Structures are given as structure tokens and as C-alpha cells.
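When you line the sequence shown up against my numbering, it's residues 143 to 584, in that order. A virtual CB, placed ideally from N, CA and C, is assigned to each residue, including glycine. The structure presented is a predicted model; accordingly, all values stated were derived computationally and were not measured. Here's the structure we're looking at; comments come further down.
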Amino acid sequence: MSYQNPPTKPRPSATFDEYTMSEIRRAAATGIYDIRGAGAKRKLPHFDDLLFLGASISRYPLEGYREKCGTNVVLGSRHAKKPIELKIPITIAGMSFGSLSGPAKEALGRGATIAGTSTTTGDGGMTEEERGHSEILVYQYLPSRYGMNPRDLRRADAIEIVVGQGAKPGGGGMLLGQKISDRVAEMRTLPKGIDQRSASRHPDWTGPDDLEIKILELREITNWEKPIYVKVGGARPYYDTALAVKAGADVVVLDGMQGGTAATQEVFIENVGMPTLACIRPAVQALQDLGMHRKVQLIISGGVRNGADVAKALALGADAVSIGTAALIAIGENDPRWAADYEALHTTATAYDDWHEGKDPSGITTQDPELMKRVDPVAAGRRLANYLKVMALEAQTIARACGKNHVHNLEPEDLCALTIEASAMAQVPLAGTSWIPGKGGY
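Below you can see the structure in the form of C-alpha cells.
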């Protein structure tokens, strides 16, 4: 009698998985690299890998509805005559008009104002929709200088010098021709319909000494009234934070690689920079070493999604967080109600990231006049305000459970880590132990 071996199930390669092979085929067929928006999609150590240690016998919790827990934050108190005062420690990150539609920018301004926080212009200049509906507006000063003029610097409530961002530290921005409408072209002094790529570094300075001169120049232009932020991508957070502080920054904005973008090379998004979780503690250490922690404020961005993420960032030493992608989702980006339109673009609402193409069915990352009509800035602004309110309430809930009467009183001692990687990055003990990799313990 003969026997046959049963067939084995085909085993796909972990290295050459289906997506990797499809990318090889696409590159071979087109000869161009892939461009997309959003942030890193690979699995990275993140805030989910941390847990809070609520109060029990050794700590005394606060009663949720009877004892106050503050959420306010002051930004820019180091040098500015008029520091910014926010009701919540959650700000809206810089996203340009051009990458976003006018109604989307208006919605961000409306929602942030209701919630008592700030918005940020992004590359491309200040729009009247944004200034008109943002009670507190931060003006981004980028290498491109698109739309930059002294009048708008003075009209802003703070200035953010952008050295880099988390999705592409060391790389410049992109805006493809299909999104350069008449209005965008006029604001940026560009030809209509022509692809543009902004510079990766500022044209008039090359290092921290020049940055100090630039900060002084901006202070003189604005009569020393406006806080000056410096934004860096998460790459060398200790040294970049220290140099920004020494150059005179009032606020440091640190953006990890989960931070989004309107458009850049996917190889950049997925392979350059450090996870947000890995950036916070070195930046805080730099501030502490300089005696500037809480004197120079630290804003963390890159993959912040809910109140727990906010609370964890603050516990690790940040003063506030900034959200971009999450804010867009709140106002309607990647909305499943446009599922049929996403499918027509050979994608889905949950996976759509071709924000650079200008065909966004939600009307948010486009300049198409018909698609933009899908955004009701008043209703979208209310949704954003609701979302920001929930985030702040969630952070308060956690702070009270840890016995804190202000979210800024959260500290690393309130945290433990679920993985060795997260423990090493956040410098908090592995759950159930006192061990921090590289620092000893049991």
C-alpha cells in the first residue's frame, strides 16, 4: 500500500509580504517612487504600550464630579509680552491652505475657538477664513516662505519656526499641481497647476547661531509680543531641544514619526525619524539639564488620538500636545459615508492616503470646488469642538484617578510599560517590576 504526504499550506514570506511585492511591481512598472499623505503605518511602540497606575491605598484619588482638575496651559511665558493662554492642553497642528481646502481650515478655526485652544496656519500663508474664525492663531514660518509677510506675522498670536516635521525630518514639503488653484497660486506666488516642492532648510540660516538671530529678528518685527515656537521632527530630540532653547525659543514643538503630512515619499514616512514615544523623554531631559523644564514649554505631536494619549504625554513631561490627522478625521476626513467614492479611487475610507491628488471625496484635502461643498464648516467645527472636549475630559478622568488636581501634575511615576521597548523609550518601569532597561531595578 502506498501513502501520499498531505499537501502543506503555502507559506508567504515575512520579508517579501504581499504589500512589499506589490510595491516592487509598481516601482518596476513606473520608475517613480510612491508619494502619499498621512503618517507612518508600520507598527511602532506607542502610547498604547503604557498604562496608568491609578490611586489605591498608597495614593488618594479625587472625586470625579466634586473635586476640580485643571486643564489650562500657558505657552510662551519665557520672553513674550503676550503669552498664549489655552483652556485645554491640546492644540491644532499646522496644516496648510493648499493641502487643505478653505472650508476645512475654517472648520478647524471654529472648533478650536469653541474649545478654547489654538490653530496653526501651516505652509502657504494665512487665510482670512482661518484668521477670522481662530481666536488664537499660530503662524508657521517655514523654509518656503510661501505667503510670508510682516503684516500677517503681526496679526498672528504666536510664530512657529518650522525646522522639520515628524513624517519627513530633513525633507521639504510637496504640493502637486492639481491642488495649486488660482487662489493657492496667488498666495504662494507660484504658477497655477505646476508641481512644487518646498525647501528642506531655511534659506537664510544654517545652524543654531543663525537661528538665534532669526528669532531676534522675528521678535523685533512683532515688538516682542508674540511667543516664538521652534518645531523639529523627531530625530535627535535631546540636542535639537537644547539648541532651540539656547537660541531663545519660548516653546519647542516635537513631532514624532507618526505625525502626518499632506504628501511626501512613502520611503521617508516609514523609514526616517523616531517614534513619538521615543522622543519625549530625551527632550524633557534636555529641558531639565538646562533648568528650563516648564519654563520653556514642550508640545508633543505625532499620533495623538485620545485623552489617554494626552495624559501619557503630559505624564512624561510635555506641557501640551498637538493633533493633525485626528482633527481632520473629526471634521470628516476619510468618512465612510463617501465609501462609494473612495472605492471609485481604488481604495477605502479607512486606507485612503492620496491626499496629494486633490480628489479627496470628503472635500477636506482638495481644492476641487465641487468636492469642497461637502464640508459644512459650522457643523464640522462643532464636531471638532466635541472631540476636543472629550479628549480633555478623558485626560482629566485619568488625572483624578491618579490623585492629581491638574493634568500637569501627572508624572512618570504614574506610568508603567507593557513592553521592554516602551519601557526603554518612555523610561518608566516594565509592568510588575521596578526595572527600566539600561537603568537597573528588578
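For D351, which option in Y381, A389, D382 has the closest C-alpha, if you only look at C-alpha atoms? A389
Which of helix, strand or coil DSSP assigns to H344: coil
N-terminal and C-terminal residue of the alpha helix (DSSP H) that T172 is part of: 160-172
Classify G173 as buried or exposed, calling it buried when 16 or more other Cβ atoms lie within 10 Å of its own Cβ. exposed
Please name the residue, chosen from W577, Y484, A450, E367, that lies closest to A534 on a Cα-to-Cα basis. A450
Sequence ranges, alpha helix (DSSP H) only - wholly within the stretch 412-467, length at least 4: 418-431, 449-457
Could you tell me whether the Cβ atoms of L419 and I232 are closer together than 7 Å? no
So, with DSSP's three-state summary, where would you put T261? strand
G402 versus A182: straight-line alpha-carbon distance, rounded: 8 Å
Measuring only the C-alpha atoms, how far is G398 from E563? 16 Å
Going by C-alpha distance, which of D483, G289, E485 is nearest F239? G289
Taking only runs of the alpha helix (DSSP H) that begin and end inside the stretch 203-285, which ones reach a length of at least 4 residues, in chain order? 244-257, 270-275
Express the C-alpha separation of H498 and D392 in angstroms, rounding to a whole number. 33 Å
Secondary structure at I303, three-state DSSP: helix, strand or coil? strand
Do you know offhand how far P579's Cα is from P187's? 15 Å
N- and C-terminal bounds of the beta strand (DSSP E) containing D559: The question names Asp, yet the displayed sequence has Ala at residue 559. Here the beta strand (DSSP E) through A559 covers 557-559.
What is the rounded straight-line gap between the Cα of S464 and the Cα of N147? 58 Å
Can you list, in chain order, the residues of its chain with a C-beta nearer than 7 Å to that of A469? Leave out the 5 residues immediately preceding and following it. I234, L250, L526
Buried or exposed for K546, going by 16 or more other Cβ atoms inside 10 Å? buried
Chain-order list of residues whose beta-carbon lies under 6 Å from that of G432 (same chain, five-residue window excluded): Note that residue 432 is Leu in the sequence shown here, rather than Gly. So the list reads V387, once near-sequence residues are dropped.
In whole angstroms, what is the alpha-carbon distance linking L360 and G375? 22 Å
Quick one: what does DSSP say I355 is sitting in, helix, strand or coil? helix
Contact under 7 Å by Cβ, G264 with Q282: yes
Do the stretch 303-314 and the stretch 405-416 meet, that is, are 3 or more Cβ pairs less than 8 Å apart? yes
Helix, strand or coil for K334? Go by DSSP, reduced to three states. coil
If you follow the beta strand (DSSP E) that K373 is part of, which residue opens it and which one closes it? 370-375
Beta-carbon within less than 7 Å of K210's beta-carbon, same chain only, minus the 5 sequence neighbours each way: which residues are those? N547
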